[in-house]
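Have a look at the structure below, then the notes.
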Amino acid sequence: MYSNPNLDKLVSYPFERLNKLLNTVNTNNNVNHIALSIGEPKHAPPQIVLDFLSEHEKLKKLLSAYPSTKGGLELRQAICSWIQARFAVTLDAENEILPVNGTREALFSFAQSLLSGRPKSLVVMPNPFYQIYEGAALLAGASPYYCSSYETDDYQQDFDSIKPNIWKDTELVYICSPANPTGKSLTDKELASLIELAHQYDFYIASDECYSEIYLKTEKRPTSILTVSDRMGNKNHERCVAFHSLSKRSNLPGLRSGFAAGDKNLLEQYFLYRTYHGCAMAGHVQEMSLLAWSDESHVIENRKRYKEKFNSVEAILSDSYSINTPEGGFYHWIKTPIDDQEFSALLMEEFNVKVMPGSFLSREQSKKNPGSNHIRVAWVSELTECQEAANRLVEFAKRF
Ligand SMILES: Cc1ncc(COP(=O)(O)O)c(C=O)c1O
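Right under this line is the structure:
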């Protein structure tokens with residue numbers, strides 16, 4: 007039997023590893039189960055999008071036709087208007103935007119369309135990270151290079167530590183800002199110096215910005231690589247592509263909708279790849295996405311609900327844990343008093359609360375693992391359930 011040898015390099019997905027870890031745990035079923043392990047938004051999707059599903063005549067027409075890989079012009083224009091309003095960047099709807107079926111498939115396929123496959127090709131990525139970056143690099147025949155975030159650096163990535171010989175072999179850099187799981191954003195200065203390095207060493211930047219709309223402080227809204235690139239005069243966004251999603255912004259993880267925006271030459275190549283990959287966004291998904299990108303009121307309401315939750319759980323947790331309020335996203339990245347896997351298993355056993363061990367989201371580098379002794383907590387459930395989970399975490403902390 008033939009098999010792609012790169013498949014053997016893939017590491018099991020964090021959720022699989024978590025299921026395995028918890029398989030043997032004797033869970034306390036006297037209390038209800040609370041899952042804080044997965045970043046799946048639970049707030050209701052916007053009504054304007056749901057209403058579209060009852061427009062049967064429109065649906066019938068859309069379902070009877072093949073959609074185009076490029077997406078309808080109206081959708082691309084709506085995305086451009088959103089980018090203009092949110093990030094003060096003007097893009098050309100014709101060749102600087104591509105609709106994608108969620109950022110997960112896009113971040114993965116982008117690497118397949120761009121990486122050369124030459125033996126020494128490197129892909130720089132955060133650590134801890136969203137594991138798709140690693141799988142995308144490995145399946146494209148490249149090797150991951152981890153740029154870690156440690157507590158000692160306030161969880162900021164240290165790009166300065168990357169040596170020229172590494173940059174020379176780098177073809178692609180994934181960044182995630184605001185980051186899953188640390189909640190940290192890259193500063194404008196960091197983004198600008200990364201763009202300069204991309205020009206100097208001839209690599210591309212895939213900027214995962216899917217959490218940009220979940221922030222707690224309006225005066226510190228997360229920025230986009232496209233804004234920074236514009237400001238520094240990299241007007242065609244050469245080497246930069248930003249990825250956005252409706253999953254977190256609009257509570258539509260099941261819709262599978264997002265977009266890639268930026269460097270038109272990279273997007274041209276990516277578009278060619280996508281025509282063969284066969285991943286055109288379905289017509290009705292395009293229509294629903296257009297409605298979602300054109301409305302901001304539900305996004306404001308969504309943020310309000312996260313803010314209320316964060317204020318509440320932080321007040322509960324702060325005497326028992328060292329809490330860093332995220333700059334964006336809906337996670338807490340919390341230090342644990344014992345090994346993170348042991349902590350997660352015991353928490354499940356005693357309190358029926360599921361969290362993600364940090365070491366499942368990270369890799370060891372230079373004998374250090376930035377995820378050990380950390381957990382990721384996703385505050386996606388309703389307020390009262392989150393408060394209940396926070397109270398159980400406090401109760402659990404008393405045993406240490
Ligand atoms: C950092 C990050 N990027 C991308 C995604 C993928 O989101 P989607 O494919 O729903 O747009 C996720 C989902 O959890 C994520 O955490």
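When the letters of the sequence shown are read in order and numbered with the numbering used here, they come out as residues 7 to 406.
Ideal placement from N, C-alpha and C gives every residue a C-beta, glycine not left out.
Just so we're clear, the structure is a prediction, and the values are computed from it rather than from any experiment.
In the DSSP annotation of this structure, the continuous segment of the alpha helix (DSSP H) that includes Thr109 starts and ends at 109-120.
Under DSSP, Gln162 shares a beta bridge with no residue. Distance from the C-beta of Cys392 to the nearest heavy atom of ligand 1 is not below 7 Å.
In this structure, the C-beta of Cys285 stays at least 7 Å away from each heavy atom of ligand 1. In the three-state scheme derived from DSSP, where H, G and I count as helix and E and B as strand, Val106 is classed as strand. For Asn10 and Glu80, the gap between their C-alpha atoms comes out near 40 Å. Residue burial is scored here from C-beta neighbours: Ile344 has fewer than 16 other C-beta atoms within 10 angstroms and is therefore classed as exposed. For Thr158, the number of other beta carbons within 10 angstroms of its own is below 16, and it is reported as exposed. Secondary structure note for Trp385: it is in no alpha helix (DSSP H), with a DSSP letter that is neither H nor E.
In the structure shown, Gln371 falls within a strand segment according to DSSP collapsed to helix, strand and coil.
Classified as exposed, Arg405 has fewer than 16 neighbouring CB atoms from the shown chains inside 10 Å of its CB. Of all C-beta pairs linking the region 312-319 to the region 67-81, fewer than three are shorter than 8 Å, placing the two stretches out of contact.
Pro150 sits in a strand when the DSSP states are folded into three classes.
The three-state secondary structure of Met354, taken from DSSP, is helix.
In the DSSP annotation of this structure, Val361 is not part of any beta strand (DSSP E), being labelled neither H nor E.
Annotated as proximal: Pro134 and Thr188, with beta-carbon spacing under 8 Å.
Here the alpha carbon of Glu102 sits roughly 5 Å from the alpha carbon of Gly268. Beta-bridge analysis with DSSP links Asp214 to Cys182, Phe249. The three-state secondary structure of Thr188, taken from DSSP, is coil.
Bridge pairing for Gly264: Val106, Ser251 [DSSP].
Inter-residue distance for Ser235 and Asp98 is about 15 Å (C-alpha atoms, whole angstroms). Taking each of Gln90, Ser43, Lys341 in turn and checking the Cα distance to Met354, the smallest one comes out for Ser43. In this structure, the C-beta of Leu27 stays at least 7 Å away from each heavy atom of ligand 1. Ile306 has no beta-bridge partner at all, per DSSP. When the beta-carbon positions are compared, Glu215 and Phe249 come within less than 8 Å of each other. Between the beta-carbon of Lys190 and that of Glu333 there is about 6 Å, and that keeps the pair under the 8 Å contact cut.
Setting aside the 5 residues that flank it on each side, Glu356 is surrounded in the same chain by Asn34, Phe402, each with a C-beta closer than 7 Å to its C-beta; the list follows chain order. Distances between the C-beta of Leu113 and the heavy atoms of ligand 1 include at least one below 7 Å. Per DSSP, Ile201 is one residue of the alpha helix (DSSP H) stretching across 194-207. Under DSSP, Trp339 takes part in a beta bridge, and its partners are Arg382. Note that the C-beta distance between Tyr337 and Gly45 is below 8 Å. Spanning the alpha carbons of Glu302 and Val179 requires a straight line of approximately 31 Å. Met131: not part of any alpha helix (DSSP H); member of the beta strand (DSSP E) spanning 128-133, first to last residue. Inclusion of Ile168 and Cys182 in the CB contact set at 8 Å is not warranted, their separation being larger than that value.
By the neighbour-count definition (other C-beta atoms within 10 Å, threshold 16), Tyr210 is a buried residue.
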